[in-house]
Structures are given as C-alpha cells and as structure tokens.
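Following this note's numbering, the numbering of the sequence shown begins with 721 at its first residue and continues without gaps. Since the structure comes first, as structure tokens, the remarks are kept for the end.
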Amino acid sequence: MNRWPACKAKRVYAAICRNGWIVKQAKGGSHKQMIHPEYPDWGEVTWSFHDSVEIGPKMLARIAKSFKLLPEDL
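What follows is the structure, encoded as structure tokens:
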C-alpha cells in the first residue's frame, strides 16, 4: 500500500517551500524551476502544477522523491 495520500497541489507546494526550496525561475502560472540553497548538488527541479489540481498517491510519491519530502511534511 502507498503511504502517500492524494491532496491538492497547493498543499504540496507549501510543504516544498517549508522544506527550504526556493523558486529560481518562473514561467507562466504553474511552471517553476526550484532549487535548494543548502544543497546545490541536487540541481534544479521543476514544479508544474496549478494550485487546484488534485495530485494522486503515485504522482505524489514521484514528486516526494525529487524534492526529498516525507509524508509527515505534508
């Protein structure tokens, strides 16, 4: 069973920002290139969801892997 719940993109984005990720470059309303200033070797990660989109458990697990999130961070 997947330990990630489905939730809105706005909630996931807020958790990413709380973990120290910052927007390096934004293109349009939803595409953002994000970096973590303490760990530059992680590189840039793209966030490309609108706030009202519901993200399912499988996609959320992939996002969490890229942004180094834990279920408790949500």
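We treat Cβ as the ideally placed atom computed from N, Cα and C, and that holds for glycine. The structure presented is a predicted model; accordingly, all values stated were derived computationally and were not measured.
**Asked** Three-state secondary structure (DSSP) at K728?
**Response** Within the sequence shown, residue 728 is the residue found at index 8, counting from 1. K728 carries a strand assignment under DSSP once its states are collapsed to helix, strand and coil.
Exercise for review: Could you check what DSSP says for K788 in three-state terms: helix, strand or coil?
Suggested key: Numbered from its first residue, the sequence shown carries residue 788 at position 68. Per DSSP, reduced to three states, the secondary structure at K788 is coil, with no helix or strand assignment.
Practice task
Report the partner residues of K778 according to the DSSP bridge assignment.
Solution key: Translated into the one-based positions of the sequence shown, residue 778 becomes position 58. DSSP lists no bridge partner for K778.
- Task: Within the same chain, show all residues whose beta-carbon is closer than 8 Å to that of A726, passing over the 5 residues directly before and after it, in chain order.
- Result: Residue 726 sits at position 6 when you count from the first residue of the sequence shown. If we look at A726 and ignore the five residues flanking it on each side, its Cβ neighbours are E774, I775, G776, P777 and L780.
request  = With a cut-off of 8 Å on the beta carbons, I'd call S768 and S750 a contact; round off their distance for me.
outcome  = In the sequence shown, counting from the first residue as 1, residue 768 sits at position 48. In the sequence shown, counting from the first residue as 1, residue 750 sits at position 30. Indeed, because the Cβ distance is near 6 Å, the residues count as touching under 8 Å.
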